[in-house]
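Below is one structure, written out as structure tokens, with a few remarks after it.
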Amino acid sequence: MKKLVLYCIMSILLLFACSSHGNKAKIESIQIKGSDTIVNLIQVWAENFIKSHLNLNISITGGGSGTGFASLINKTCDIAMSSREVEDIEVALAKQNNVNPIGFKVGLDGLVVIVNRDNPVTQLTLTELKNIFMAKITNWKEVGGQDRKIVILSREANSGTHMFFKERVIRSGYANSSEEFSVHSLMMPSSQAVYDEVLQNPNALGYVGMGFVDNKIKVISVAVDENSKYIYPTRDTVVNGSYPISRPLYLYTNGKPEGIIEMFIDYAVSDEGQKIVVDTDFVPIKKD
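Take a look at the structure:
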């Protein structure tokens, strides 16, 4: 009888241990994929979040917002990071795979137009930017610069940054427009690649998120038109909407997040998480 009781107790303890181990396995990793714009921000969030979740491993991969949504749709990531809203065609594909993308706004960003510091141009209108990226303006002297050919840098089509710039600048906000970047645009694989090219090329013009800006490159002030005020991208001008190329940043999950996924997103929008948004040169969704 004693042996039977002991055997039962051991069996229960073993079952409990296996159950506990199984629960840990379910939450020991989070796969996050998508927008290159906010990779650095997500990385800092992750580094701080795992300090209080020691059994957790967070894997972060860029590749563009489109890559993030594709991974979410294919169920190969837990969170898709994006610098744009999910598109209708992506929602349709998601439903076909029994996936329900739900987005959470976690920050704001101003899309910054950058040039080499040796470039004398300091301001451009949205129309001038559109004409440059469509190769209707091809020389810097046409916009107050030197007699040099403009080298156009764009993100690749899979990038949410590319999509937003095309919709806001190239297509002037018109959803039915079919206007596109010039075929002479150099499609860069990441925002870092755009930054690196501008840094070493005095003729280059590109666009990146605010988090990629430092004093080694020049930031262009942008006006809606020639009769409007030129606005420099800052936290305040993004929040008040005066800077004309601003956008929200998102995290998307498959359905309502639960468990460790929900905890991570809650951390992102917490006071501590939003302070990190500011520290990484983005704009918080919460007021100070």
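If you use the numbering used here, the sequence shown closes out at 296, no skipped numbers anywhere. C-beta: ideal position from N, C-alpha, C; glycine also. Values in this document were obtained by computation on a predicted structure and should not be read as measured data.
> Taking Cβ positions, are Leu134 and Val221 nearer each other than 7 Å?
Replying inline: Leu134 is not a Cβ neighbour of Val221, given a cutoff of 7 Å.
> Going by Cα to Cα distance, which pick from Tyr238, Asn124, Ile225, Val107 is closest to Pro265?
Replying inline: Out of Tyr238, Asn124, Ile225, Val107, the CA that lies nearest to the CA of Pro265 is found in Val107.
>> So, under 8 Å CB-CB, Ala45 and Gly217 are touching, yes? Tell me the CB distance rounded to an integer number of Å.
In response: Inspection of the sequence shows that residue 45 is occupied by Thr rather than by Ala. With 8 Å as the limit, Thr45 and Gly217 qualify as a contact, their Cβ atoms being about 4 Å apart.
> Buried or exposed: which applies to Asn248, given that a residue is buried once 16 or more other Cβ atoms fall within 10 Å of its Cβ?
Replying inline: Exposed is the call here.
>> In this structure, how does DSSP classify Phe24 when only helix, strand and coil are distinguished?
In response: Residue confidence is low: Phe24 scores 40 on pLDDT, short of 50, so the model does not pin down where it sits. Its coordinate-derived value is still stated next. Reduced to three states, the DSSP call for Phe24 is helix.
>> Check whether the stretch 91-103 and the stretch 192-202 touch, using three or more Cβ-Cβ pairs below 8 Å as the test.
In response: No: fewer than three Cβ pairs fall under 8 Å.
> Ser190 by DSSP, collapsed to three states: which one?
Replying inline: Note: Ser190 maps to coil in three-state DSSP.
>> Measuring straight from C-alpha to C-alpha, what distance separates Val121 and Pro292?
In response: Looking at the two C-alpha atoms, the distance is approximately 21 Å.
> How many whole angstroms separate the CB atoms of Tyr260 and Ile110, which I take to be in contact at a CB cut-off of 8 Å?
Replying inline: Contact between Tyr260 and Ile110 is confirmed by a C-beta separation of about 7 Å, below the 8 Å threshold.
> Just how far apart, CA to CA, sit Cys137 and Asn63?
Replying inline: Correcting the residue identity first, residue 137 is Leu in this sequence and not Cys. Per the coordinates, the alpha-carbon of Leu137 lies some 48 Å from the alpha-carbon of Asn63.
>> Three Cβ pairs or more, each shorter than 8 Å: is that satisfied between the stretch 67-78 and the stretch 113-133?
In response: Because the criterion of three Cβ pairs below 8 Å is not met, the stretch 67-78 and the stretch 113-133 do not touch.
> Does the Cβ-Cβ distance between Met89 and Ile38 come in under 7 Å?
Replying inline: For the pair Met89 and Ile38, the CB atoms are not nearer than the 7 Å cut-off.
>> What does the Cβ neighbour count give for Asn56, buried or exposed, with the cut at 16 atoms within 10 Å?
In response: Under this definition Asn56 is an exposed residue.
> Since Gly214 and Glu205 are thought to touch, with beta carbons under 8 Å apart, how far apart are those beta carbons, to the nearest angstrom?
Replying inline: Gly214 to Glu205, Cβ: 7 Å. Contact.
> For Trp148 versus Ile158, is the C-beta spacing smaller than 7 Å?
Replying inline: Ile158 sits close to Trp148, with the two beta carbons spaced by under 7 Å.
>> For Asp274 and Ala183, what's the separation of their Cα atoms in angstroms?
In response: Across the structure, Asp274 and Ala183 are spaced so that their CA atoms are roughly 33 Å apart.
> Under a three-way DSSP split, which group does Asp204 fall into?
Replying inline: In the structure shown, Asp204 sits in a helix (DSSP, three-state: H, G or I).
> What whole-angstrom Cβ distance do Ser43 and Ser91 have, given they're in contact under 8 Å?
Replying inline: Sure, about 5 Å apart at Cβ, within 8 Å.
> Taking buried to mean at least 16 other C-beta atoms within 10 Å of its own C-beta, is Ala83 buried or exposed?
Replying inline: The residue you asked about is not Ala; residue 83 is Lys in the sequence shown. So Lys83 ends up on the exposed side.
> Does the distance from the CB of Ser190 to the CB of Met142 come in under 7 Å?
Replying inline: The Cβ atoms of Ser190 and Met142 sit closer than 7 Å to each other.
>> DSSP three-state label for Tyr238, please.
In response: Three-state DSSP puts Tyr238 in coil, outside helix and strand.
> At which residues does the alpha helix (DSSP H) containing Met171 begin and terminate?
Replying inline: 168-173 is the span of the alpha helix (DSSP H), which, as asked, contains Met171.
> Which term fits Asn65, buried or exposed, when burial requires 16 or more other beta carbons within 10 angstroms of its beta carbon?
Replying inline: Flag for Asn65 reads exposed.
>> I need the DSSP call for Leu213, collapsed to helix, strand or coil.
In response: The three-state secondary structure of Leu213, taken from DSSP, is strand.
> When burial is assigned at 16 or more other CB atoms within 10 Å of the CB, is Gly76 buried or exposed?
Replying inline: Classification for Gly76: buried.
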